[in-house]
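A short worksheet on the structure shown next.
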Amino acid sequence: MEPIFAVTVAVFFATSIYLLLSKHIIRILLGVAIFGNAVNLTIFTAGRLMREVPPIIPVDLDMPAGATANPLPQALILTAIVISFSFFAFLLVLAFRSYQELGTDDTDGMRVAEPEGEELPPLGY
Amino acid sequence: MAADSQWLTFLVLFLPFFAAAAAPLLTRSFGHKAAWILAVFPAFIFLHFIGFAAPVANGETISGGYSWIESLDVDFSWYLDGLSLTFALLISGIGTLIVLYSGGYLKGHAQQGRFFSFILMFMGAMQGLVVADSFLTLFVFWELTSIASFLLIGFDHSREAARRAALQALIVTGAGGLSLLAGLLVIAQATGVNSLSALLAEGEGLREAPLYFAALLLVLGGAFTKSAQFPFHFWLPNAMEAPTPVSAYLHSATMVKAGVYLLMRLNPVMGETFAWETILPLFGGTTLIVGTLLGLRQTDLKLMLAYTTVASLGLLVMLTGFGSHLAVEAAVLYLVAHSLFKGALFMVAGCIDHETGTRDLTRLGGIGRAMPITFAAALLAAFSMGGLPPFFGFLAKEEIYAGLATGSFWGVLLTLVAIIGNGLMFAIGFAVGLKPFIGAASDTPKHPHEGPILLWLGPVILATTGLLAALFSSLSHHFVSSPMASAVVGEPVEISISIVPHVGLPLLLSLVTIALGIFVYLTLERGRASMATVLAAIGWGPDRGFDQFVRGVIRISAVVTGIVQNGRLDIYMTVTFIILAAALFVPMIGFGELPSVPAIAALSFHEWAILVIAFIGLGAVVYARDRLTAIVSLGIQGFAVALLFMLFGAADLSFTQFMVETLSVVILALVMTRLRLSPADHRPTGQKLLDFSIASVCGAGLGLLLMRVVEVPFDPTLSTFFAENSRVIAHGRNIVNVIIVDFRGLDTLGEIAVVMIAGLAILALVRVRAGKPGNATKTKTVETGGEA
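These protein sequences, in sequence, are chains A and B. Okay, so the first sequence: first residue is 1 according to the working numbering, each after it adds one. Okay, so the second sequence: first residue is 1 according to the working numbering, each after it adds one.
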């Protein structure tokens, strides 16, 4: 089971990296979203897979009766999903606002911080 | 020595720094009169060191110190013998006079307190340098002198010339300092000792070490830059940008002699080798000639003196490296004489500048009547500089010729160099010490009159000392010259020369020198003109070279920055992911950690179906022709992931994922449809192929890594802990929830904080509009349609 998930993760990563390498902000955003899923699936798989048994303790027991899915990666991923969502939302607004200010969604055109043909610093003392 | 004396010496070493801290406050309260109070500190130091003169004259050495960094075997220690004691006395003695002089010279200056502070700081650094024993102490104080001199030269920081000179001095001497550090480390490596006293006790060890030559070159790099030897001499005349008290102190008596001090200190253990006796006289002699010739060219009193300082330092290096005891004795005598007369002459130049408003030799004349005390001091100093009896300079010069005129080819050559150099210095000395005071009265910017006591006290005392030291030569030799020469030579030496001339070769050479000096003095104008022609013909010098070097560095760094930070996000990303791919594959292959071929486990039909849906979603995101399709496809893969979570026992994840994906798609669609973005991928095919390859390699690497990870046996300790304790301790049945809100509650708090900060940042981004007038034109071309 896990190797198949590993292949799935590989495809997720490859797709997101391909999108991240693009020059257009919107494609980069899509790449970021997929990257988050890829990472979450990696954590999930690394914690080993277990079909259809959620980590919940029955009412009359102090411990799960048998084997359940690993709860630890789930807790981690739950945090990760929320954080990657807020990160995604922030990037989205940032992209939107920079498009409004700069008039381009091409990263080559965004040269405010590192302008092209920048002048030399002063040569005097 | 007794323990309390060790404590006192330690205090004395830091006393100048306390004084430096107190100086601004005192100056605020007492104005320029604070000089009288501040001068007490160096005077006290002087007296403290005087107390050591008698034991040191008897051949004792005084050392002490405290452990500094025990684990590295580094001490803060000092070592006083004839050499360091003489330097310490010069530094504190002249320092006292300089502090007084600064009080008069910078009277009423807004930053006088700061100036006192800097100069006392410098004094402390120099003091520490000459008495330092452990290598690290020496190096720290050595660098402190560079920093203090940077502050002093750049004191008048509103002028570009001062800033340039300060930076130049810092770069040249700072680079030399690094070279010295390397040299000291090499010495420590070669001999296994890390203090000067231990090194001196070592004897032959260093000279025979295979690393000797490397150590020599590195140490010389430090000494030559500090002591302004050709071709590093250029920073010293430029340092004349500093106020005159600084020039009189740093650039005549003390700092520039640090290099000479180092050479003299190391002479017993590094000297008397072929390399030492070739390099030192060669550079010293060149510096002597170049310095005097360049000095001849100047008309500014301070610059003339600065170049003769360069020349004198060359002479000292030459004598130190000559190798005979007599030459070392001559170096010692000349060093003391030079400190006295050069300090006095610099202060005289400052007095003239202060009282007449100019330092230009061609505009000065006949001010002797108005400034009789200054004139007297100047004349006394000039006599000493010219090497005339009965002054200390005369003793030095006799000894120089006695030491150099050995009859060998090298000796004859260096004697010639010394005659030319001394003759020219004689001329320049009198050009500064005599010429402005005699002749027809000239029209100066200010009406000349005698300066206040603070201004003339220093030169008078120094010049008189130069006379007294020669008149009572047996006394000065016993307490100063002989112990110092013994320390430099490495064995007891007795200096006996006195002002009574002995008919012989040295006296004859002295007469030749004086004749040459008088001739040059009388034809000064013509000599200056011809030097100007020669220099104009050469054109390029190290000083201009420094400018070119600095500009070159700026240009190179601009080019490098342009390559490394080219401002193109796609290139940054490409580099990042290529490195990621390398980081994944190189260790995996290098350490043979590739996963074995896994057995394909059976998946049920619906599981396959969900995987296929996820892949279709991914493909559609990449190949979508328009944005909306891409965004919706993003939702497809997200929901597929949510379903996978659901099927594998992660119900909470699944719900959250469904919610988040839905929200993402909705928000993306809302925002992105408002922008007129070009939908398709504009990359050229070659670029696409490259990106595709990088992405595939990275993806494969991460996939293989995960495969390898799941091959390793699983350690369920943590998971078991949570499963066992969730109900018992935390009273919750949903283990995932218990982990989040209870076991790892603080993490969740952090997570909430992240979400809140992201929300605030988004709010700020949305609120901050391009309201600034400068941005209005830029945003005009933007068609957003989302502004409503």
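Even glycine gets a Cβ: it sits at the ideal position worked out from N, Cα and C.
query	result
Using a C-beta to C-beta distance shorter than 9 Å, which residues of chain B count as neighbours of A/F13?	A695, C698, G699, A700, G701, L702 and G703
Please confirm whether B/P518 has its beta-carbon closer than 7 Å to some beta-carbon of chain A.	The question names Pro, yet the displayed sequence has Ile at residue 518 of chain B. By this cut-off, B/I518 is not an interface position.
I need the straight-line Cα distance from B/T27 to B/W456, nearest angstrom please.	21 Å
Helix, strand or coil for B/G592? Go by DSSP, reduced to three states.	coil
Determine, using beta carbons only, whether B/V755 comes closer than 7 Å to chain E.	The structure shown has no chain E; the protein chains it does contain are A and B.
Please list, in chain order, all residues of the same chain as B/L319 whose beta carbon is under 6 Å from its beta carbon, the five residues on each side excluded.	A327, A330 and A331
Strictly under 7 Å for the Cβ-Cβ distance: is A/I56 near chain B by that measure?	yes
For chain B, is any of its Cβ atoms less than 7 Å away from the one on A/A46?	yes
Of all the options B/G343, B/L181, B/A188 and B/M646, which has the alpha carbon lying nearest to the alpha carbon of B/V256?	B/G343
Drop a sphere of 10 angstroms on the beta-carbon of A/K23, count the other beta-carbons inside from all chains shown, and report buried for 16 or more, exposed for fewer.	buried
Okay, do the region 343–361 of chain B and the region 388–407 of chain B touch, 3+ Cβ pairs below 8 Å being the bar?	no
Please report how far the alpha carbon of B/K780 lies from the alpha carbon of A/Y99, in whole angstroms.	Caution applies to B/K780, whose pLDDT of 40 falls short of 50 and renders its modelled position unreliable; the value that the coordinates give is listed next. The alpha-carbon atoms of B/K780 and A/Y99 are separated by roughly 12 Å.
Does any C-beta atom of chain B lie closer than 7 Å to the C-beta of A/S98?	no
Alpha helix (DSSP H) containing B/D547: first to last residue?	P542 to V564
Using a Cβ-Cβ distance under 7 Å, would B/D691 count as near chain A?	yes
Cutting at 6 Å between CB atoms, please list the residues of its own chain near B/T777, excluding the five before and the five after it.	Because the pLDDT of B/T777 is 42, which lies under 50, any placement of that residue in the model is unreliable, and the question is left without a value.
Suppose the cutoff is 8 Å on Cβ atoms and the five residues either side in sequence are ignored; what does the same chain contact list for B/P55 look like?	I62
Identify each residue in the region 161–174 of chain B for which the Cβ-Cβ distance to at least one residue of chain A is less than 8 Å, and report them in chain order.	R163, R164 and L167
Strictly under 7 Å for the Cβ-Cβ distance: is A/E114 near chain B by that measure?	yes
Indicate whether at least one CB of chain B lies closer than 7 Å to the CB of A/A65.	no
To the nearest angstrom, how far is the alpha carbon of B/H157 from that of A/T107?	43 Å
I'd like to know if B/Q298 contacts chain A, where contact means its C-beta is closer than 7 Å to some C-beta of that chain.	no
Quick check on A/D62 - is its C-beta less than 7 Å from some C-beta in chain B?	yes
Under three-state DSSP, which class holds B/H109?	coil
What is the DSSP secondary structure of B/H606, counted as helix, strand or coil?	helix
Inspect the beta-carbon positions of B/G387 and B/K397 and report whether they are closer than 7 Å.	yes
For the candidate residues A/L123, A/R51, A/T8 and A/N37, whose alpha-carbon lies nearest to that of A/G66?	A/R51
By the 10 Å Cβ neighbour count, where 16 or more other Cβ atoms means buried, how is A/R27 classified, buried or exposed?	buried
Determine the burial state of B/G64: buried for a count of at least 16 other Cβ atoms within 10 Å of its Cβ, exposed for fewer.	buried
Output yes if chain B places a C-beta closer than 7 Å to the C-beta of A/I43; else output no.	no
I need the boundaries of the alpha helix (DSSP H) containing A/F85, first residue and last residue.	P71 to L102
With respect to the alpha helix (DSSP H) encompassing B/G393, which residues constitute its N-terminal and C-terminal limits?	F392 to L404
Runs of 4 residues minimum, wholly inside the region 703–729 of chain B: which ones carry the alpha helix (DSSP H) assignment?	717–728
Between B/A650 and chain A, is the shortest Cβ-Cβ distance under 7 Å, so that the two count as touching?	yes
Output needed in chain order: residues of the region 64–85 of chain A with a Cβ under 7 Å from some Cβ in chain B.	P64, T68, A69, N70, P71, L72, Q74, A75, I77, L78, T79, I81, V82, I83 and F85
Three-state secondary structure (DSSP) at B/F52?	coil
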